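Student:
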Amino acid sequence: MHSDPGLAKALTPRHLGQPIERHEDAALLTGRGRYADDLGETPGTLQAAVLRSPHAHAELLSVDATAALAMPGVRAVLTGEDVKRWSQPFVVGVKAPMQHWALAVDRVRYSGEPVAVVIAEDRYLAEDALDAIRVEYRALPATVDIAEASEAGAPVLHEAVGSNVVNERFFRYGDPEQAFAGASRRVALTVHYPRNSCTPIECGVVVAEHQPEADGGHGYEVLSNFMGPFSLHSVMSLALGVPANKLRHRVPRDSGGSFGVKQAVLPYAVLMCLASRKAGAPVKWVEDRLEHLSAATSATARLTHITAALDGEGRITALDWDQRDDVGAYLRAPEPATFYRMHGALSGAYDIPNLAVRNRVVVTNKTPTGLVRGFGGPQVYYALERLMDRIAVELGEDPVALRLRHYVRPQQFPYTAAAGAVLDSGDYHRLTAMAMAAAREQGLWQRQAAARAAGRLYGIGVAAIVEPSVSNMGYISTVLTPEQRAKAGPKNGAIASATVAIDLLGGVNVVVASAPAGQGHMTVCAQVVADVFGLHPAQVVVNVEFDTAKDAWSVAAGNYSSRFAGAVAGTVHLAAQRLRDKLARIAAPQLGCPAAAGALRGRRGLR
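In this text, residue positions in the sequence shown follow the working numbering: the first is 6, and each later residue adds one.
Shown next, in the form of structure tokens:
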């Protein structure tokens with residue numbers, strides 16, 4: 006402990022942001038990774054294979070598993086009747102009478118939807134038995150286009166809703182009507198953002214065990230490479246009909262990528278819990294590549310018609326957003342998060358005071374959608390930045406100059422956007438100048454001229470993106486009406502949990518409530534803690550395995566929405582500081598220096 010902060014800082018090297026060997030890599034490079042499929046299984050664990058619908062839309066008339074059950078090694082077949090008896094439909098994020106079960110129970114609504122699960126002594130036997138199940142379908146007309154699905158006369162997926170538009174909300178910020186009435190010019194654009202997805206190296210893995218209790222109750226234990234648990238743990242518990250503390254969910258140390266798509270393990274965790282209950286033994290399911298490509302999840306497709314009102318000086322005074330999201334066959338939690346994660350930032354990096362917004366959630370006969378790579382951001386900025394370029398063309402103005410005229414100015418920060426997002430800081434003009442200078446240094450325009458002279462296409466595009474991270478999950482309540490929000494109460498999800506502890510021999514241990522998917526959680530957290538205590542990162546051990554039964558976590562816990570650095574690593578830093586300060590208060594009287602002026606360095610106190 007040293008009373009001179011300047012000297013202590015000079016003596017202590019900083020590690021955060023410096024290139025170091027990743028803590029994760031030694032195990033991964035020597036074959037000692039602990040991925041979900043690598044971990045040992047309870048003796049007697051059975052293997053599952055999923056029978057999927059070949060139809061995009063059909064009535065499910067019957068499922069006959071008699072022949073499959075007669076095959077050697079087949080222990081059980083889970084059907085929709087079992088699912089209806091032992092579980093509930095998944096909770097829907099809007100007030101609409103839709104039912105999404107873990108297995109199809111009345112009709113199938115997308116190609117690849119699970120219809121039955123075979124549980125056998127090994128995966129080969131389970132897959133062979135899939136061919137023996139006889140399913141009778143009656144094909145129905147399908148709808149796969151956003152515009153067509155939202156019009157009257159389209160085949161309806163959920164008859165109880167009566168329409169494929171399962172939610173519609175209108176928003177108004179400022180006075181967009183007056184801005185459009187007084188506009189000198191209007192510029193409009195229709196943009197279709199297509200579905201897309203990611204294919205992590207490791208597909209989904211679930212190992213589930215039903216645990217009947219003496220009082221007739223039920224519990225379940227699940228190991229999976231799910232990127233949660235966040236609020237989806239409650240969704241799974243409700244579907245299984247058990248209290249949250251009766252669903253134990255564990256996540257292994259290593260994951261072969263996610264990019265958001267492993268939130269789609271959610272329905273399979275429930276499905277394998279029910280399969281274990283049917284078979285009376287632990288059940289393991291490993292998603293194969295074909296299953297992943299055909300039935301896992303995708304980013305939400307969006308059809309946007311966006312209009313800008315311009316005054317006589319060519320300044321944008323208002324935006325009108327008409328957005329339709331294709332969420333696939335079911336509005337699966339956490340959707341419609343894609344709509345509302347960016348809602349507060351619909352004016353982007355620009356100072357635009359008036360907004361009118363119409364949002365429609367549309368179901369189609371496609372795979373349900375969910376979180377994929379910064380979900381919600383690309384859907385907004387693809388439309389907004391295309392519109393900015395269109396305006397530049399119609400005004401005959403350089404697209405960069407147009408953006409510079411509309412940016413939030415440095416003196417306006419912190420800036421509250423029309424729809425509520427708070428842009429805390431920035432200098433967009435300077436950043437743009439730096440980007441353009443770098444482009445000139447690389448000779449982009451000379452390259453373009455040379456390419457065009459040779460008859461080749463060479464485009465230079467610009468875009469200005471401001472996107473929230475950490476993702477306060479309170480935004481999801483925006484989909485509710487004001488009356489529904491008032492009844493539900495305020496929501497907040499910008500929280501994280503972390504534990505930093507020192508053992509009897511001085512070792513520093515860290516536990517975080519975030520399941521990594523290749524980002525280097527262990528390395529970064531070790532750097533953060535090492536800097537607080539004046540240690541080397543190698544002296545810090547970080548545990549990223551996760552267990553809902555014993556680890557501190559919250560409704561926001563997990564790995565999504567670029568929240569690791571801001572929320573998780575930030576919480577690790579706070580926990581380390583609190584422990585450091587506590588140590589300083591304990592050591593200061595013994596070392597004869599004020600605790601507030603002290604700093605720790607290495608394993609020895611300095612004074």
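Ideal Cβ positions, reconstructed from N, Cα and C, are used throughout, including at glycine.
Remember, predicted model here, so these are calculated numbers, not experimental data.
Could you work out which residue in Ala-323, Thr-309 and Pro-542 is closest to Leu-315 when comparing CA atoms only?
Tutor: On the sequence shown, position 310 is the one that residue 315 refers to. Checking every option, the nearest Cα to that of Leu-315 belongs to Ala-323.
Student: Which whole runs of the alpha helix (DSSP H) in the segment 267 to 323 are 4 residues long or more, in chain order?
Tutor: The qualifying runs are 271 to 284 and 294 to 300.
Student: Taking the C-alpha atoms as reference points, what is the distance between Leu-449 and Leu-436?
Tutor: Translated into the one-based positions of the sequence shown, residue 449 becomes position 444. Translated into the one-based positions of the sequence shown, residue 436 becomes position 431. Going by the C-alpha atoms only, they are around 18 Å apart.
Student: Can you tell me which of Val-537, Val-266 and Ala-274 puts its alpha carbon nearest to the alpha carbon of His-254?
Tutor: As a first step, residue 254 must be located in the sequence shown, where it is residue number 249. Answer by Cα proximity: Ala-274.
Student: Thr-483 by DSSP, collapsed to three states: which one?
Tutor: In the sequence shown, residue 483 corresponds to position 478, counting from 1. Helix at Thr-483.
Student: Taking DSSP's pairing of strands, which residues face Thr-148 in a bridge?
Tutor: Counting from 1 along the sequence shown, the entry for residue 148 is found at position 143. In the DSSP output, where bridge partners are listed per residue, Thr-148 has none listed.
Student: Contact between the segment 59 to 66 and the segment 129 to 142: three or more CB pairs below 8 Å?
Tutor: Yes, they touch.
Student: Can you list, in chain order, the residues of its chain whose CB lies under 7 Å from that of Val-166, leaving out five sequence neighbours each side?
Tutor: Mapped onto the sequence shown, residue 166 falls at position 161. For Val-166, where only same-chain residues beyond five positions count, the Cβ hits under 7 Å are Ala-101, Pro-102 and Met-103.
Student: Between which two residues does the alpha helix (DSSP H) harbouring Ala-383 extend?
Tutor: Locating residue 383 in the sequence shown gives position 378, counting from the first residue. Reading off the sequence, residue 383 comes out as Pro, not Ala. Run containing Pro-383: 382 to 400, per the alpha helix (DSSP H) assignment.
Student: Could you check the C-alpha separation between Gly-117 and Leu-34 for me, to the nearest Å?
Tutor: For the purposes of this step, residue 117 is taken as the residue at position 112 of the sequence shown. For the purposes of this step, residue 34 is taken as the residue at position 29 of the sequence shown. Approximately 35 Å between the Cα atoms of the pair.
Student: Is Pro-102 helix, strand or coil when you go by DSSP?
Tutor: Locating residue 102 in the sequence shown gives position 97, counting from the first residue. In the structure shown, Pro-102 sits in coil (DSSP, three-state: anything other than H, G, I, E or B).
Student: Beta-carbon within less than 7 Å of His-20's beta-carbon, same chain only, minus the 5 sequence neighbours each way: which residues are those?
Tutor: The residue labelled residue 20 in the question sits at position 15 within the sequence shown. Once the five neighbours on either side are set aside, the close Cβ partners of His-20 are Gln-532, Ala-535, Asp-536 and Pro-542.
Student: If I follow the unbroken beta strand (DSSP E) through Gln-416, where does it start and stop?
Tutor: Walking along the sequence shown from the start, residue 416 turns up at place 411. Looking at the DSSP string, Gln-416 is not in any beta strand (DSSP E), and its letter there is neither H nor E.
Student: From what residue to what residue does the beta strand (DSSP E) around Ser-559 run?
Tutor: By one-based count along the sequence shown, residue 559 stands at place 554. It is not in any beta strand (DSSP E) - Ser-559 carries neither H nor E in the DSSP assignment.
Student: Quick check on the burial criterion: 16 or more other C-beta atoms within 10 angstroms. Buried or exposed for His-7?
Tutor: Residue mapping note: residue 7 aligns to position 2 of the sequence shown, counting from 1. With a pLDDT of only 43 at His-7, under the threshold of 50, the placement of this residue in the model should not be trusted; the figure read from the coordinates follows. Burial call: buried.
Student: Any idea what DSSP makes of Gln-595, helix, strand or coil?
Tutor: Translated into positions along the sequence shown, residue 595 becomes position 590. Correct three-state label for Gln-595: helix.
Student: Considering only their Cβ atoms, is the gap separating Ile-138 from Ala-54 smaller than 8 Å?
Tutor: Here the question's residue 54 lines up with position 49 in the sequence shown. Here the question's residue 138 lines up with position 133 in the sequence shown. Result no, Cβ atoms of Ala-54 and Ile-138 do not sit closer than 8 Å.
Student: Quick one: using the 10 Å Cβ neighbour count with 16 as the cut-off for buried, is Arg-612 buried or exposed?
Tutor: Residue mapping note: residue 612 aligns to position 607 of the sequence shown, counting from 1. Confidence is the limiting factor: at Arg-612 the pLDDT is only 39, short of 50, which leaves the residue's position unreliable and the question unanswerable from this model.
Student: Since Leu-228 contacts Ala-41 with CB under 8 Å, what's their CB separation in whole angstroms?
Tutor: As a first step, residue 228 is located in the sequence shown; it is residue number 223 there, counting from the start. As a first step, residue 41 is located in the sequence shown; it is residue number 36 there, counting from the start. At roughly 6 Å, the Cβ-Cβ gap stays under 8 Å, so Leu-228 and Ala-41 are in contact.
Student: Please give me, in chain order, every unbroken run of the alpha helix (DSSP H) with length at least 4 that falls completely inside the segment 104 to 163.
Tutor: You should have 128 to 135 and 151 to 154.
Student: Output the boundary residues of the alpha helix (DSSP H) element that contains Ala-454.
Tutor: Position 449 of the sequence shown, counting from 1, holds the residue named residue 454. It spans 449 to 458 - the alpha helix (DSSP H) in which Ala-454 sits, taken as one unbroken run.
Student: Taking only three categories from DSSP, how would you classify Ser-502?
Tutor: Translated into the one-based positions of the sequence shown, residue 502 becomes position 497. Of the three classes helix, strand and coil, the one that applies to Ser-502 here is coil, per DSSP.
Student: CA-CA distance, Leu-588 and Asn-548?
Tutor: Within the sequence shown, numbered from 1, the residue matching residue 588 stands at position 583. Within the sequence shown, numbered from 1, the residue matching residue 548 stands at position 543. If you take the alpha carbons of Leu-588 and Asn-548, they lie about 22 Å apart.
Student: Tell me which residue opens and which closes the beta strand (DSSP E) that Pro-217 is part of.
Tutor: The residue given as residue 217 occupies position 212 in the sequence shown. Looking at the DSSP string, the run of the beta strand (DSSP E) that includes Pro-217 is 210 to 217.
Student: Within 8 Å, do at least three Cβ pairs link the segment 175 to 187 to the segment 243 to 262?
Tutor: No contact exists between the segment 243 to 262 and the segment 175 to 187.
Student: Between the Cα of Gly-479 and those of Ile-470, Arg-490, Gly-571 and Ala-469, spot the shortest distance and give me the residue it belongs to.
Tutor: Against the sequence shown, residue 479 aligns to sequence position 474. Nearest C-alpha to Gly-479: Arg-490.
Student: Quick check on DSSP: helix, strand or coil for Thr-369?
Tutor: As a position in the sequence shown, residue 369 is number 364, starting the count at 1. If DSSP states are grouped into helix, strand and coil, Thr-369 belongs with coil.
Student: Measure the Cβ-Cβ separation of Arg-114 and Ala-334 and say whether it is below 8 Å.
Tutor: As a first step, residue 114 must be located in the sequence shown, where it is residue number 109. As a first step, residue 334 must be located in the sequence shown, where it is residue number 329. Against a cut-off of 8 Å, the Cβ pair of Ala-334 and Arg-114 comes out as a contact.
Student: Can Arg-57 and Ala-125 be called in contact, C-beta distance under 8 Å?
Tutor: Taking the sequence shown and counting its residues from 1, one reaches residue 57 at position 52. Taking the sequence shown and counting its residues from 1, one reaches residue 125 at position 120. Against a cut-off of 8 Å, the Cβ pair of Ala-125 and Arg-57 comes out as no contact.
Student: What residues in its chain sit with their C-beta under 6 Å from that of His-105, if we drop five residues either side in the sequence?
Tutor: Taking the sequence shown and counting its residues from 1, one reaches residue 105 at position 100. Hits under 6 Å: Pro-94, Phe-95 and Tyr-335.
Student: Could you check if Gln-417 is buried or exposed, using at least 16 other CB atoms within 10 Å of its CB as the buried criterion?
Tutor: Translated into positions along the sequence shown, residue 417 becomes position 412. Classification for Gln-417: exposed.
Student: Under 8 Å between the Cβ atoms of Pro-287 and Glu-218?
Tutor: Taking the first residue of the sequence shown as position 1, residue 287 is located at position 282. Taking the first residue of the sequence shown as position 1, residue 218 is located at position 213. Contact flag unset, no.
Student: Identify, in the order they occur along the chain, each residue of the same chain with its Cβ nearer than 6 Å to the Cβ of Gln-384, setting aside the five sequence neighbours on each side.
Tutor: On the sequence shown, position 379 is the one that residue 384 refers to. Correct list, in chain order: Tyr-198 and Arg-307.
Student: Which of the three DSSP states is assigned to Arg-19 in this structure?
Tutor: Here residue 19 refers to the residue found at position 14 when the sequence shown is read from its first residue. Of the three classes helix, strand and coil, the one that applies to Arg-19 here is coil, per DSSP.
Student: Among Ala-503, Gly-317, Ala-422 and Gly-563, which one has its Cα closest to the Cα of Tyr-355?
Tutor: As a working note, residue 355 is residue 350 in the sequence shown. Out of Ala-503, Gly-317, Ala-422 and Gly-563, Ala-422 has the C-alpha closest to the C-alpha of Tyr-355.
Student: Can the beta-carbon of Val-210 be found closer than 8 Å to that of Val-97?
Tutor: Working through the sequence shown from its first residue, we reach residue 210 at position 205. Working through the sequence shown from its first residue, we reach residue 97 at position 92. No.
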